[in-house]
Each structure stands twice: as structure tokens, then as C-alpha cells.
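Single-structure report; data block below.
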Amino acid sequence: MSEEILINVTPRETRVAVVENGMLQEVHIERASKRGYVGNIYKGRVQRVMPGMQAAFVDIGLARAAFLHASDIVRALQGMVVEEGEAPPPTPPIHELVREGQDVIVQVVKDPIGSKGARLTTQLSIPSRYLVLLPFAKVLGVSVRIEDEAERARLKEALQVQLPDAGEKGPGYIIRTNAEGQPGEAMAEDIVYLQKVWRVIEEGMRESPVGRCIYEDLSLPLRALRDLMRRDVEKVRVDSRESYDRMVQFIERFMPEMVEVLEHYPGERPIFDLFGVEDEIQRALQKDVPLKSGGHLIIDQTEAMTTVDVNTGAFLGHRNLEDTVYRTNLEAAQAVARQLRLRNLGGIIIIDFIDMADAEHRRQVLRQLEKSLARDHAKTTVYEFSPLGLVEMTRKRTTESLERQLCEPCPACSGRGSLKTLETVTYEIFREITRAVRQFEAETLLVLAPPKVVAKILEEESAAVAELEEFIGKTIRLQADERYSQEQFDVVLL
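For the sequence shown, full-length UniProt numbering assigns the number 1 to the initial residue and increments by one for each residue that follows.
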């Protein structure tokens with residue numbers, strides 16, 4: 001499988017696209033005015049302790065107080081570290097762990113999403129190319145994505161050669177997926193880098209005021225190199241010379257074997273246009289996703305969950321209905337996995353595949369979904385078909401979805417996705433007129449409304465207006481205003 005990473009840099013926005021076999025799989029966006037906070041370490045102060053929620057709200061200098069749950073502080077503050085494979089200890093009451101007014105060192109694990117503040121942890125982790133440093137832990141672990149047991153053992157042994165006390169006295173380390181196939185010397189370089197970073201953080205922990213960011217994660221282009229680079233990445237193309245130069249310095253220091261992969265794109269045509277990424281992003285903002293078979297997906301993102309409905313559409317198949325349904329569901333399973341990555345959808349996801357009578361078909365569709373999710377960087381958990389024929393799954397969410405990064409709720413419908421009909425608005429106007437007359441004295445009432453509503457009243461409801469004038473004994477005037485949305489109107493007393 002060939003993979004390319006495309007990086008588009010402008011003064012106010014940076015975008016990274018992951019393209020596999022010519023198809024866009026992931027989009028990451030970072031704007032200068034709204035840079036993400038995940039990975040940043042702050043010196044915070046506890047504002048409120050909430051025993052009923054087993055959590056505390058912490059001031060870290062952001063617009064909203066951040067959320068710190070007891071389960072994210074118990075091991076760090078009490079030294080109760082968990083060895084690899086062990087169950088976590090029980091969580092003590094929150095008031096035994098922190099108190100109001102206490103200063104704490106915290107790391108952001110989830111950006112503010114919607115009306116929720118950032119999610120925090122005191123279990124700090126600092127990533128490098130091949131390792132993750134866990135300053136307050138004593139664990140020595142290997143990423144679960146490295147499945148080969150012999151390779152896991154080799155990497156663990158190589159790290160123990162560099163750090164004889166790792167896993168006993170601390171700090172702890174996790175070997176990342178990128179380390180697969182790498183020699184011990186590569187991890188040694190990362191250890192030196194992480195130790196330098198940690199010394200700077202320790203100094204900031206002592207000297208920084210409350211609300212100060214002690215450690216800030218890398219910019220998006222450098223994070224892309226650190227987190228997205230794999231052996232099957234054939235090219236990394238960046239359209240900014242300045243960013244390219246910084247990336248060259250980073251790649252020469254941390255992954256010199258990948259220098260040849262990095263390439264500056266000097267072309268006049270925008271890099272995302274050249275590879276069709278711009279069009280794919282626009283399609284990812286639509287609810288409807290067409291399938292090659294003629295079927296389609298309908299994706300709805302709500303506050304509570306995301307739902308995916310699979311429809312056969314025009315696909316009739318060649319044998320029978322069960323065969324048609326099975327083939328459509330197989331294709332849909334692949335498409336769903338891609339759309340979750342592309343749209344960065346997280347939390348609870350419900351997939352309504354077309355009903356299948358054959359248990360083996362259901363098993364194969366589920367297997368196809370899990371296989372297609374295997375390359376997803378975010379952690380996913382898929383459950384069996386429910387009695388209603390639904391597949392429930394979860395996908396870890398750390399940042400806003402693509403739609404919520406690029407779009408805002410419709411001002412006309414306030415995000416409902418529907419508008420009141422012209423008839424409904426007309427009758428609301430009539431009720432408001434009656435209400436106003438009973439409360440205030442006036443000879444004439446002026447109705448300001450959008451042109452469509454005024455036209456509806458004049459053409460179809462003129463008799464009703466005449467009856468209302470006779471009933472209230474007042475004159476009603478109508479005035480169209482282009483600035484009003486379909487649901488807006490005002491009744492003015494003259």
C-alpha cells in the first residue's frame with residue numbers, strides 16, 4: 001500500500017492530508033487563531049472540587065476551566081503506578097487527591113469540544129519519534145499495534161540495554177509503533193532528547209506562574225513527521241520552503257533514514273488541488289456518501305453520537321436480495337472506516353447495516369469493518385451486531401470533527417437542519433398580532449418579515465388578514481425585508 005503525506009502551509013492555516021493509494025484518508029487542520037492544546041503541559045490551580053462527579057475544575061489560563069477526573073490523578077499523585085498488564089488500583093475520593101486552591105501540573109488530553117472545557121491528566125507523557133516518556137510511572141511497555149511477539153521482546157530488550165533501571169525506579173517508557181524494526185541506537189537518541197525536554201519541564205514546574213504553558217507540543221508539520229511517518233510512506237510533500245527547511249532539520253536529527261522521502265513542492269497549482277484533496281474535503285462535509293455499487297451512506301453527527309445508515313440505492317445484484325445486501329454491506333464497512341478517519345468522528349457510533357439473515361454474512365461484514373479500521377490512528381472498539389441488527393462502536397476523540405472545525409451551526413435554523421414552513425410562520429405572525437393588540441394601544445400594526453412570508457400572506461392568506469383586521473379593529477401593514485431569515489419577523493406598533 002502506497003502512502004503520501006501532503007502539507008499545505010499558509011500564514012494563518014496549516015493542513016495535512018494522508019493519501020493512501022490515491023484516496024484521501026485523514027485531514028488535520030491547525031489554525032494560528034485556534035491552535036489545539038492536546039499534549040500541552042500547564043501549571044494550573046484547582047478552582048472547584050466536585051465530589052459528586054469525582055472530578056475537579058482547574059484553571060489553566062484558557063477561556064473555560066478544564067476538567068480533571070479522579071482516575072486521571074490517582075496514580076500520579078500517590079505513586080500508585082500500574083505495571084504493564086495489571087489492573088488499575090481503585091480510585092480514592094476526589095477530595096483526598098486535590099483541594100481547592102492547590103497548584104497542579106497537568107497535561108491536556110482532549111481539546112475543548114463544543115461547550116465542554118479541555119480534559120486533563122496529571123499522568124504526564126512526552127512523545128518522541130520512537131518512545132513516550134512517562135515521568136511519573138515505572139512501566140516499560142510496547143505499543144499494542146506491534147503484534148509480533150518476537151519483535152516486541154526484541155524492542156523491550158533493546159530499551160532495557162539503554163535504560164537498565166527502566167520499569168523499576170522510573171521514569172517509565174512506552175515503545176511506539178514507529179519503533180518497529182528500529183535498532184537500539186535509534187531509541188538511545190530519543191532517550192537523550194526526552195531527558196533534555198523533561199529537564200526544561202521540571203524547571204518550568206518550579207518557576208512558572210499559574211496558567212502558564214510549561215511545554216507546548218510541536219507544530220502540525222513536525223507532529224505529522226513524528227506521528228504519521230511509517231515505512232510505507234513514499235513521499236512527504238510540503239508547499240512552503242520555510243516549513244520544508246524546519247522539517248529537514250527535524251528529520252535529519254530524529255529520522256535521517258527518511259530524508260529522501262521529504263520533498264518541497266514548488267508548483268503554482270495548489271498542492272491539494274493537484275491531488276484532488278480539496279474536492280474530497282468538500283464531499284466529507286456532506287451527509288450523503290455514494291458507494292460504487294450504487295448504494296450510499298447517510299452520516300448524521302449529533303451531540304450524543306454519530307449514526308451511519310446504509311442503503312442499497314440502485315444496486316440490484318446478480319443473484320438474489322441476500323447477495324445484494326451482503327455485497328453492499330461489505331463495501332459499506334470499508335467506506336464507514338474511511339469516513340470515520342476522514343471526518344475525524346469520535347465517541348459513540350451506531351452503524352445501521354442493511355438487515356442480513358445469514359449469520360456468516362454478518363460475521364464477515366463485522367470482520368471487514370475491523371480490518372478496515374486497523375490502520376486508524378485513533379483507538380476503536382467494535383461490538384457484535386445487536387438484536388436490532390445495529391453495530392455499536394466507539395472511536396477515541398481528542399479534537400473536534402472535521403465538520404465542526406470547518407463549519408458552524410446554520411443561523412437560519414440554529415443547527416436543527418430544518419426550517420419552519422411559510423405557513424407555520426404566517427400563523428405565528430397572526431398570533432403575535434393578537435397578543436400585541438391585547439397588551440398595547442395602537443391604531444396600526446406593521447409586520448416586518450422575509451419576502452417569501454409576505455408573498456405567502458398576500459397571495460394565499462389575504463382573506464385571513466382581512467378577518468383579523470375586522471376582529472381586532474386595527475389596520476395591518478406588511479413590509480418585506482431581505483435581511484430577515486425565513487423564521488424571523490417583527491410586529492411593530494405605529
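Don't be surprised by glycine CBs; every beta carbon is placed ideally from N, CA and C.
Computed from a predicted model, the values in this text were never measured in an experiment.
DSSP-derived helix/strand/coil call for residue i
i, result
"Pro-51", "helix"
"Thr-434", "helix"
"Leu-62", "coil"
"Glu-83", "Low per-residue confidence applies at Glu-83: pLDDT is 47, beneath 50, and the placement is therefore not dependable, though the value from the model is reported in the following sentence. Looking at Glu-83 - three-state DSSP - the assignment turns out to be coil, as it is neither helix nor strand."
"Gln-486", "coil"
"Gln-25", "strand"
"Arg-31", "strand"
"Ala-337", "helix"
"Glu-13", "strand"
"Glu-257", "helix"
"Glu-408", "coil"
"Lys-420", "coil"
"Leu-262", "strand"
"Leu-6", "strand"
"Lys-196", "helix"
"Ile-191", "helix"
"Leu-321", "helix"
"Glu-242", "helix"
Residues sharing a beta bridge with residue i, DSSP
i, result
"Ile-299", "Val-308"
"residue 496", "Missing from the structure shown is residue 496; the chain here goes from 1 to 494 and no further."
"Asp-103", "Arg-45"
"Asp-288", "Ile-298"
"Phe-67", "Phe-57, Arg-119"
"Leu-131", "Ile-175"
"Tyr-215", "Ile-41"
"residue 498", "This structure leaves residue 498 out entirely; the chain is present only between 1 and 494."
"Gln-479", "Leu-448"
"Arg-237", "Leu-6, Glu-263"
Anticipated Cβ contact below 8 Å, residue i with residue j, distance rounded
i, j, result
"Pro-135", "Trp-198", "6 Å"
"Lys-138", "Gly-101", "Not a contact, Cβ separation roughly 30 Å."
"Ala-335", "Val-289", "6 Å"
"Thr-426", "Ile-457", "6 Å"
"Val-144", "Thr-398", "Incorrect: roughly 18 Å between the Cβ atoms, too far for contact."
Distance, residue j Cα to residue i Cα
i, j, result
"Ala-284", "Phe-353", "20 Å"
"Ser-33", "Arg-12", "7 Å"
"Asn-178", "Pro-411", "45 Å"
"Ser-293", "Thr-328", "7 Å"
"Tyr-484", "Leu-446", "15 Å"
"Val-27", "Ala-332", "21 Å"
"Met-187", "Val-277", "35 Å"
"Arg-241", "Leu-218", "18 Å"
"Phe-250", "Leu-131", "16 Å"
"Arg-435", "Thr-421", "21 Å"
"Gly-211", "Ile-350", "39 Å"
"Gln-78", "Arg-363", "Here the model assigns Gln-78 a pLDDT of 44, short of 50, so the residue's position is not dependable and the matter cannot be decided."
"Asp-355", "Gly-389", "6 Å"
"Gly-295", "Val-437", "55 Å"
| said: Going residue by residue through the stretch 137-189, where are the continuous beta strand (DSSP E) segments of at least 3 residues, counting only ones entirely within it? | reply: 140-142, 172-175
| task | For the stretch 439-470, list the beta strand (DSSP E) runs that are entirely contained and at least 3 residues long, ordered along the chain. | result | The qualifying runs are 444-449.
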